[in-house]
Amino acid sequence: MKTPDLSLSDLGSYFPDDFTPEQRAKAQTLFLKELAASVHKYYRGKVVTMPKAGIYGFNWFNVYYTPGVSMVSTSIRDNQDASFDLSNRGNLVAVVSDSTRVLGDGDVTPPGGLGVMEGKAFLMKYLGGVDGVALCIDSYNKEGKHDADKIIDFVKMVQPSFGAVNLEDISQPNCFKVLDTLREECEIPVWHDDAQGTASVTLAGLINALRVTGRELKDANIVLLGAGAANSTAARLILMAGGDPDRMIVFDSKGGLHPGRDDVKADKAFYRKWEIASTTNPKRVMTEEEAFKGADVIIAASTPGPDTIKPAWIQTMAPKSIVFACANPVPEIYPYAAKEAGAYVVATGRGDFPNQVNNSMGFPGILKGALLVKARKITDEMAIAASYAVANYADKKKGINPDYIMPTMQETEVFAVEAADVAMQAIKDGVARVELTWQEVYDTTLADIKDARAAIDLLQGNNFIKAPDVEMLIAARDKAVAAVKK
1 MKTPDLSLSD
11 LGSYFPDDFT
21 PEQRAKAQTL
31 FLKELAASVH
41 KYYRGKVVTM
51 PKAGIYGFNW
61 FNVYYTPGVS
71 MVSTSIRDNQ
81 DASFDLSNRG
91 NLVAVVSDST
101 RVLGDGDVTP
111 PGGLGVMEGK
121 AFLMKYLGGV
131 DGVALCIDSY
141 NKEGKHDADK
151 IIDFVKMVQP
161 SFGAVNLEDI
171 SQPNCFKVLD
181 TLREECEIPV
191 WHDDAQGTAS
201 VTLAGLINAL
211 RVTGRELKDA
221 NIVLLGAGAA
231 NSTAARLILM
241 AGGDPDRMIV
251 FDSKGGLHPG
261 RDDVKADKAF
271 YRKWEIASTT
281 NPKRVMTEEE
291 AFKGADVIIA
301 ASTPGPDTIK
311 PAWIQTMAPK
321 SIVFACANPV
331 PEIYPYAAKE
341 AGAYVVATGR
351 GDFPNQVNNS
361 MGFPGILKGA
371 LLVKARKITD
381 EMAIAASYAV
391 ANYADKKKGI
401 NPDYIMPTMQ
411 ETEVFAVEAA
421 DVAMQAIKDG
431 VARVELTWQE
441 VYDTTLADIK
451 DARAAIDLLQ
461 GNNFIKAPDV
471 EMLIAARDKA
481 VAAVKK
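In our numbering, the protein residues as written are 1 to 486.
Structure (structure tokens):
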């Protein structure tokens with residue numbers, strides 16, 4: 001059993017050699033949770049606001065504030081789009097959530113979402129060179145219910161301060177109404193990362209998984225477990241990209257969606273779910289056991305826990321089957337169990353297993369591309385362009401295989417490629433305020449990412465960001481091991 005080190009580069013070695021694969025997987029999850037609690041208390045969060053303009057003498061305060069800054073205010077007054085160039089608005093994203101569906105923990109109260117939203121801002125800066133602000137809001141109305149209109153009104157009110165809005169962890173059905181309303185009524189891109197981001201990255205992983213197994217998207221029999229924001233949007237993007245609705249089955253908690261599900265049709269709040277039900281599963285399959293038989297692909301974004309997908313179901317799938325078990329923090333089946341059951345390609349939402357299908361591979365590049373061309377919205381076509389950018393990058397740069405269908409967050413260039421492809425699609429779709437070349441977007445994105453990382457390295461190197469004590473890691477590991485042994 002190896003002593004944990006700050007790189008966290010070999011998690012599996014931190015635990016007893018006699019642990020079974022299941023015990024090791026549980027220990028990794030518990031270790032990361034324990035360490036997160038300790039480190040967040042140590043740093044008091046993950047992000048801080050820092051000036052990016054220089055102070056060269058006392059009178060520079062009169063340039064950045066009064067009287068000089070009056071020229072900035074009146075210039076923006078006379079030309080609203082000037083705000084993207086004369087302030088940080090052009091590179092600033094609001095990360096907005098009412099914290100009603102945070103990871104696998106559900107409603108954690110508005111401030112309970114701050115850890116995730118700060119994390120989103122952290123990743124935006126490090127992976128995409130984008131500034132983010134966590135805004136966790138109270139969406140309760142006078143009747144004590146979460147109200148989509150309150151979120152909509154809030155975003156409309158704050159949009160003059162931001163270049164884009166990233167919606168996060170908003171429960172169904174409010175998430176659909178909030179996104180669809182704001183996409184049409186705001187002058188800046190409004191992006192729901194749990195839905196569009198996860199769906200875009202899922203499609204990227206699917207493209208390469210199909211390539212590895214020698215399949216075409218149009219011929220693949222695809223089953224999606226879970227009909228929440230992520231899988232509902234994934235189904236839509238897969239169909240837009242060429243998937244066959246007759247070969248798709250999507251499950252909610254009551255069974256397979258199909259044109260005869262009058263309960264779904266009657267619930268107008270879940271109109272996105274009805275769109276899927278009315279166009280897929282013509283044979284009206286209702287059980288997972290039946291749907292898995294002969295299926296090429298399973299995409300799960302459902303109940304966390306290693307028993308949600310049964311190994312026996314995977315055993316009935318087509319040869320060289322593809323299993324995406326993307327629930328967080330615990331996948332619907334652990335990769336080792338899926339492989340033992342016969343799966344050829346296995347992906348999860350976690351970075352400590354091979355093939356991470358996680359929206360972190362999408363939103364930094366997608367938002368950066370949209371920001372650089374000052375887009376008014378992010379279209380579905382832009383999300384699909386991002387999918388192919390990510391998939392093609394992995395295929396061309398390293399060559400894909402069953403354990404490498406997706407780039408990792410360490411592959412910096414992928415975010416610049418993604419940003420450039422998204423920006424070009426925004427121009428093509430007519431939603432960009434300015435036109436740049438592919439190379440201009442790529443170069444700017446890569447430079448901004450490198451600058452962000454250099455600044456963090458400088459702060460760490462000079463001890464302004466202090467490293468946690470290794471004892472903190474050891475304590476977290478020991479708690480995890482004790483819990484698993486118990």
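A virtual CB, placed ideally from N, CA and C, is assigned to each residue, including glycine.
Whether residue i touches residue j by CB criterion (8 angstroms)
i: Ala341; j: Pro306; result: no
i: Ile384; j: Leu237; result: yes
i: Phe292; j: Thr308; result: no
i: Asp131; j: Leu92; result: yes
i: Leu257; j: Ala295; result: no
i: Ala209; j: Gly243; result: no
i: Glu187; j: Arg376; result: yes
i: Pro319; j: Val39; result: no
i: Pro335; j: Gly128; result: no
i: Trp191; j: Leu167; result: yes
i: Leu436; j: Leu372; result: yes
i: Gly351; j: Cys326; result: no
i: Val345; j: Pro402; result: yes
i: Val285; j: Ala277; result: no
i: Ala416; j: Thr445; result: yes
i: Trp313; j: Glu332; result: no
i: Ile152; j: Pro110; result: no
i: Ser232; j: Arg272; result: yes
i: Val116; j: Val96; result: no
Other residues of its chain near residue i: CB distance less than 7 angstroms, five sequence neighbours each side excluded
i: Ala53; result: Tyr64
i: Pro407; result: Met361, Val390, Tyr393, Ala394 and Val414
i: Ala454; result: none
i: Gly45; result: Glu118
i: Met1; result: Tyr14, Phe15, Pro16 and Asp17
i: Trp438; result: Ala420 and Met424
i: Ala480; result: Ala27, Leu30, Phe31 and Glu34
i: Asp149; result: none
i: Ala386; result: Ser200, Gly362, Gly365, Ile366, Glu418, Asp421 and Val422
i: Leu114; result: Ala134 and Cys136
Contact belief for residue i with residue j at Cβ below 8 angstroms, rounded distance in angstroms
i: Ile222; j: Val297; result: 4 angstroms
i: Thr198; j: Asn359; result: 5 angstroms
i: Ile405; j: Val155; result: At roughly 35 angstroms, the Cβ-Cβ gap does not stay under 8 angstroms, so Ile405 and Val155 are not in contact.
i: Ala241; j: Leu182; result: Incorrect: roughly 24 angstroms between the Cβ atoms, too far for contact.
i: Thr100; j: Ser171; result: 4 angstroms
i: Pro304; j: Gly104; result: 4 angstroms
i: Asp78; j: Arg433; result: Not quite, the Cβ-Cβ distance comes to about 17 angstroms (not below 8 angstroms), so this is no contact.
i: Ile456; j: Tyr126; result: 7 angstroms
i: Ala229; j: Cys175; result: 5 angstroms
Three-state class that DSSP yields for residue i in the structure shown
i: Ile55; result: coil
i: Leu8; result: coil
i: Gly256; result: strand
i: Ile137; result: coil
i: Met71; result: helix
i: Phe61; result: helix
i: Val48; result: coil
i: Met1; result: coil
i: Ala300; result: strand
i: Met248; result: strand
i: Arg24; result: helix
i: Val285; result: coil
i: Phe15; result: coil
i: Asn91; result: helix
i: Thr29; result: helix
i: Asp267; result: coil
i: Ala277; result: helix
i: Arg272; result: helix
Own chain partners of residue i with C-beta closer than 6 angstroms, once the 5 adjacent residues on each side are dropped
i: Arg477; result: Pro4, Tyr14 and Phe31
i: Leu225; result: Phe251, Ala300 and Ser302
i: Val133; result: Ala94
i: Pro173; result: Ala269 and Phe270
i: Ile465; result: Leu459
i: Val489; result: Because the chain spans 1 through 486 in this model, residue 489 falls outside it and cannot be assessed.
i: Ala483; result: Leu30
i: Met248; result: Ile222 and Thr280
Close-in-space but distant-in-sequence residues of the same chain around residue i (CB under 8 angstroms, 5 per side omitted)
i: Asp10; result: Lys2
i: Lys218; result: Gly242, Gly243 and Asp244
i: Lys177; result: Ala148, Ile152 and Ala269
Report the residue ranges of all alpha helix (DSSP H) runs contained in full by the segment 141-224; include only those spanning at least 4 residues, in chain order. 148-158, 174-185 and 198-212
Which runs of the beta strand (DSSP E) fall wholly inside the segment 307-389 and span at least 3 residues, in chain order? 322-325 and 345-348
Counting only runs of 3+ residues fully inside the segment 395-483, write out the beta strand (DSSP E) ranges in chain order. none
At what residue ranges does the segment 93-135 contain a whole run of the beta strand (DSSP E), taking only runs of 3 or more? none
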